[in-house]
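Read the structure below first, then the notes.
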Ligand code: AMP
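In the numbering used here, the protein residues as written are 93 to 493.
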């Protein structure tokens, strides 16, 4: 559906044109009319589907038709600083031709930043995008007048609950007038999300787009490999690819900070310049790294889970998983960094003996089997793609008894 038939205000149409948005994505097509109608919404949609614009556009459209006061009208809560900033940037783009303003509020940073955030809350801006922890810190001081908030939006709600923010979210929602519209976006719908929805939404419409399948354009494959061979294989794969065509945008996920640092060191030693991204970096370093990766100054980035969700970095050509992600859903999120918005990309995952079962769960979730590559010739033989029965001896012993 074209955006000009969806009921958004004319000022927004110009913003959309400027951002190069012509047709609504499925989540936008379904969510925008419901939000414009004023109903609460629970939406199951993955990152990469255009879910940000699905809630940002109708809210901006409604606000642009309203008489403005200087109080906050909409509160968007997102799990990470990076996502909050990204949402704020999208709002800035879309609202160019409207008179709405927004401000992101997140943790980290220095004293003056807290003061600037306080000023934004006190003086007022139309839309605040915040992480839950930092908002709670501001709410303690009672200077944030929430009395005119009409829209509460939770983005990546499942992720926020995984991070332990259930109580904070409930307590934030209690500080916002009951007469409001609440929108909950989540990539997955576990029972705790339904419980939260029952708590803070009223008679919501629901839409579901996330069948948790990776975009069709992603070429997925895996290697069955022992842990001590993995870094060497990353290096060999990247070197081979680099010989074929200069690498431009590679993201490697590893679960521990230690592995992230080790991979980076090995790649750098062999002439593959790479950077790392993890929670030991301070806010400024994290922002610099994301910016440099986005504008391709950094071509290879090794990261912990911090980057697995929500962050919109366009055109990543290759995502590598140093380990199988523990949650099958996280696999979809991670490889969702590539092939966004109809591009093609590649995802390669390393599976060790212990993680075969996890990878089988992933294949079940995505309803397809992923190609298992043969290891290069001079590599130690990897595990088989079958479940390792740890207890088989014990069972036999029991039988004999
Ligand atoms: P999201 O799922 O919100 O993270 O969006 C994923 C990417 O798709 C972002 O780069 C958006 O700018 C882009 N996008 C979202 N909706 C559209 C659309 N209707 N047309 C073109 N690009 C879009």
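Every residue, glycine too, gets a C-beta built ideally from N, C-alpha and C.
May I ask you to list the residues that DSSP assigns as paired with residue i?
i, result
"residue 368", "394"
"residue 278", "136"
"residue 441", "314 and 413"
"residue 463", "313"
"residue 408", "430"
"residue 94", "115"
"residue 345", "395 and 413"
"residue 220", "167 and 195"
Can you give me the C-alpha to C-alpha distance between residue i and residue j, rounded to a whole angstrom?
i, j, result
"residue 98", "residue 122", "10 Å"
"residue 328", "residue 321", "11 Å"
"residue 95", "residue 238", "32 Å"
"residue 352", "residue 370", "8 Å"
"residue 479", "residue 461", "15 Å"
"residue 448", "residue 477", "6 Å"
"residue 425", "residue 120", "19 Å"
"residue 382", "residue 115", "28 Å"
"residue 185", "residue 152", "11 Å"
"residue 110", "residue 100", "15 Å"
"residue 356", "residue 132", "45 Å"
"residue 256", "residue 349", "21 Å"
"residue 259", "residue 223", "14 Å"
"residue 126", "residue 474", "51 Å"
"residue 211", "residue 452", "51 Å"
"residue 445", "residue 310", "25 Å"
"residue 108", "residue 202", "35 Å"
"residue 484", "residue 246", "Note that residue 484 has pLDDT 46, beneath the 50 cutoff, so the model's placement of it is unreliable and no number is given."
"residue 499", "residue 429", "Nothing can be reported for residue 499, as the shown portion of the chain is limited to 93 through 493."
"residue 175", "residue 334", "31 Å"
"residue 405", "residue 386", "6 Å"
"residue 262", "residue 172", "18 Å"
"residue 232", "residue 213", "13 Å"
"residue 375", "residue 198", "10 Å"
"residue 414", "residue 379", "24 Å"
"residue 166", "residue 129", "16 Å"
"residue 396", "residue 149", "31 Å"
"residue 196", "residue 182", "12 Å"
"residue 463", "residue 142", "29 Å"
"residue 301", "residue 216", "35 Å"
"residue 264", "residue 180", "20 Å"
"residue 163", "residue 200", "25 Å"
Just to confirm my understanding: we take residue i, look at its own chain, exclude 5 residues before and 5 after, and list those with CB closer than 6 Å. What are they?
i, result
"residue 440", "313 and 412"
"residue 423", "417 and 454"
"residue 410", "342 and 438"
"residue 298", "134"
Among the residues of its own chain, which have a CB less than 7 Å from the CB of residue i, if the five just before and after it don't count?
i, result
"residue 358", "323 and 327"
"residue 274", "132, 244, 292 and 293"
"residue 205", "none"
"residue 499", "The first residue shown for the chain is 93 and the last is 493, placing residue 499 beyond what the model contains."
"residue 308", "none"
"residue 319", "444"
"residue 170", "176, 179, 221, 223, 247 and 248"
"residue 160", "191"
In chain order, what residues of the same chain have a beta carbon less than 8 Å from the beta carbon of residue i, not counting five sequence neighbours either side?
i, result
"residue 490", "The pLDDT assigned to residue 490 is 48, lower than 50, so where the model puts this residue is not dependable; a value taken from the coordinates is nonetheless given after this. None."
"residue 362", "327 and 331"
"residue 325", "315, 317, 442, 467, 468 and 471"
"residue 157", "101"
"residue 93", "115, 116 and 121"
"residue 242", "165, 166, 269, 271, 272 and 273"
"residue 388", "340 and 341"
"residue 515", "Here the chain has residues from 93 to 493 only, and residue 515 is not among them."
"residue 113", "95 and 145"
Just to confirm, does residue i get its C-beta within under 7 Å of one of the non-hydrogen atoms of ligand 2?
i, result
"residue 437", "Absent from the structure shown: ligand 2. Ligands present: ligand 1."
Can at least three beta-carbon pairs, one atom from the stretch 256-276 and one from the stretch 93-112, be found at a separation below 8 Å?
No, they do not touch.
At least three beta-carbon pairs within less than 8 Å, the stretch 451-462 to the stretch 340-355:
no
Threshold first: 4 residues or longer. Then list the alpha helix (DSSP H) segments lying entirely within the stretch 244-319, N to C.
249-254, 258-266 and 283-292
Tell me the start and end of each unbroken beta strand (DSSP E) in the stretch 165-197 that is at least 3 residues and wholly inside, in chain order.
Fully contained in the stretch 165-197 are the following beta strand (DSSP E) runs of length 3 or more, in chain order: 166-169 and 194-197.
Inter-stretch contact (C-beta, 8 Å, three-pair minimum) for the stretch 280-299 and the stretch 247-264:
yes
With three or more C-beta pairs closer than 8 Å as the rule, is the stretch 226-240 touching the stretch 178-193?
no
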